[in-house]
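Chemist: Before I ask anything, here is the structure I am working with.
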Amino acid sequence: MAVSAVAVAPSAAAKGSSTPTPIASFDGPRGVDVDRAGRIVVGASDGTVSLVTDRGRHPKVRVIGSVPGGFAPAVAAGRPGTVYALTGGGDPGTGAATLYVLRHGKPAKPIADIAAYQQGDPDPYNQEGEPTESNPFGVAALKDGSVLVADAAGNDLLRVYPDGRIVTVARLKPRTVEVPEGLPPEIDDEPTPPAGTPITAEAVATSVTVGSDGYWYVGELRGFPATPGTSQIWRIKPGSRNAVCDPERPNKGDCRRFADGLTSIVDLGAGRHGSVYAVELVKESWLRFELGLADPPVGGLFRVRPGGERTELAADQLILPGGVAAGSHGRLYVTGPVFGPGTLSRIG
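For the sequence shown, UniProt numbering begins at 1 and goes up steadily by one.
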């Protein structure tokens, strides 16, 4: 589905609203990060990864490499001259579900086949599909040269080392939610349970960032029925192995709940003073968008503070946003729409 605008008419009364300023155009932009030199890294749907220099009246865009396309890769800026790109779901050995490293002037080099790893690391809490399915969706670089990967099908957080070795950092358990109001009586020729019916829904780990406090944060989309207000952000102790993020015991162990009450999270970004920025693909839920019930599909950008308090930024102005990254001087960079013509926009 093509969406041709990055913004809808802003709500003048919306708290925290500010108008996003488009600075560069892309097709289906999603992944975004800011490197140490202040340049913005952007992944687009054709698989290209670009560097954007946001200075002066005319920002400069330079393609630095590409990976298999179709859906925009997640990206992360690593050590100087190094960028990571993560492709989405697919079979092992196909170039999909793979972490790549891009270095200026050199072709993209695969580091780790995430799909192959998940074949031997099935999701013990799987609720639908194959427990070995992989759809890597979020990526964050660590100072030691390793990389964190959030797998939206495996419902886990992985750590990939420079030599390609992978370990499982944490697993996100499913959560019992209630079927929301307003869904059609049938979805994909299957009857929809009545509103209020309890259902066990997968976490769908879409996003990861390293907070200003050094902890690792993971955000959830929430599987069917995508009940609004049931997406969580988890705070994971650095260096963890096989931690469990459990909504029934959210304050125990190496993975603890940082925030609750969000909807369809697709990206996280680190803020100052322990805060985290969270991007909601569609505030009404991804499922209502897929069913054509969210028109227009307005997404959300929130600053979430320790304790869970959150403030919406650019309220009601983002259509299908895909990513967020913090730059210097209080600037934020947001990508979207993730389908069709889109932009990298600046807030602040």
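Backbone N, C-alpha and C fix where the C-beta goes; we use that ideal spot for every residue, glycine too.
In this text, all values refer to a predicted model and were calculated from it rather than measured experimentally.
(1) So is the beta-carbon of Ala-205 under 6 Å away from any non-hydrogen atom of the ligand MN?
(2) From which residue to which residue does the alpha helix (DSSP H) around Ala-116 run?
(3) Return the CA-CA distance between Gly-348 and Ser-328, expressed in angstroms with no decimal places.
(4) Hey, residue 353 and Val-169 are a contact pair by Cβ (cut 8 Å); roughly how many whole angstroms apart?
(5) Between the Cα of Gly-214 and those of Glu-202, Ala-226, Arg-235, Cys-245, spot the shortest distance and give me the residue it belongs to.
(6) Rounded to a whole number of angstroms, what is the C-alpha to C-alpha distance between Ala-9 and His-58?
(7) What is the rounded straight-line gap between the Cα of Arg-79 and the Cα of Leu-142?
(8) Leu-332 to Gly-95, Cα distance in whole Å?
(9) My output table needs one value for Phe-289: the three-state DSSP class, helix, strand or coil.
(10) My parser needs the alpha helix (DSSP H) runs of 4 or more residues fully inside the stretch 294-348; what are they?
(11) At what residue ranges does the stretch 55-87 contain a whole run of the beta strand (DSSP E), taking only runs of 3 or more?
(12) How close, in whole Å, do the beta carbons of Gln-317 and Pro-124 come, if the pair is a contact with beta carbons under 8 Å?
(13) Determine the direct distance from the alpha carbon of Tyr-277 to that of Ser-11, and round the result to whole angstroms.
(14) Quick one: grab the DSSP three-state call for Tyr-217.
(15) Please determine, among Asp-260, Thr-227, Leu-301, the residue with the shortest C-alpha to C-alpha distance to Leu-287.
(16) Check this for me: beta carbons of Gln-127 and Pro-174, under 7 Å apart or not?
(17) When DSSP builds the beta bridges, which residues end up paired with Gly-168?
(18) State the DSSP-derived secondary structure class of Lys-15, mapped to helix, strand or coil.
(19) Taking buried to mean at least 16 other C-beta atoms within 10 Å of its own C-beta, is Val-63 buried or exposed?
(20) To the nearest angstrom, how far is it from the Cα of Arg-305 to the Cα of Gly-271?
(21) What number of angstroms, rounded off, separates the C-alpha of Arg-303 from the C-alpha of Val-279?
(22) Are the CB atoms of Val-49 and Leu-102 within a distance shorter than 7 Å?
(23) Give the straight-line distance between the Cα atoms of Thr-335 and Val-42, rounded to the nearest whole angstrom.
Modeler: Walking through what the data contain:
(1) Questions concerning the ligand MN fall outside what the structure shown contains, since it holds no ligand whatsoever.
(2) Counting along the chain, Ala-116 sits inside the alpha helix (DSSP H) bounded by residues 114-119.
(3) Going by the C-alpha atoms only, they are around 10 Å apart.
(4) Residue numbering for the chain in the displayed model covers 1 to 348; residue 353 lies beyond these limits and cannot be assessed.
(5) Arg-235
(6) For Ala-9, the predicted structure reports a pLDDT of 29, less than 50, and the residue's modelled location is therefore unreliable. The matter cannot be settled from this model.
(7) 9 Å
(8) 31 Å
(9) helix
(10) none
(11) 60-66, 74-77, 82-86
(12) With a Cβ gap of about 40 Å, Gln-317 and Pro-124 do not count as contacting.
(13) Here Ser-11 scores only 31 on pLDDT, less than 50, and its place in the model is too uncertain to base an answer on.
(14) Strand at Tyr-217.
(15) Closest in C-alpha terms to Leu-287, from the list Asp-260, Thr-227, Leu-301, comes Thr-227.
(16) yes
(17) One detail in the question is off: residue 168 reads as Thr in this sequence, not Gly. BP columns for Thr-168 point to Leu-158.
(18) Residue placement at Lys-15 cannot be trusted, given a pLDDT of 43 that sits under 50; the coordinates are not used to answer.
(19) exposed
(20) 9 Å
(21) Each residue's alpha carbon lies about 9 Å from the other.
(22) yes
(23) 8 Å
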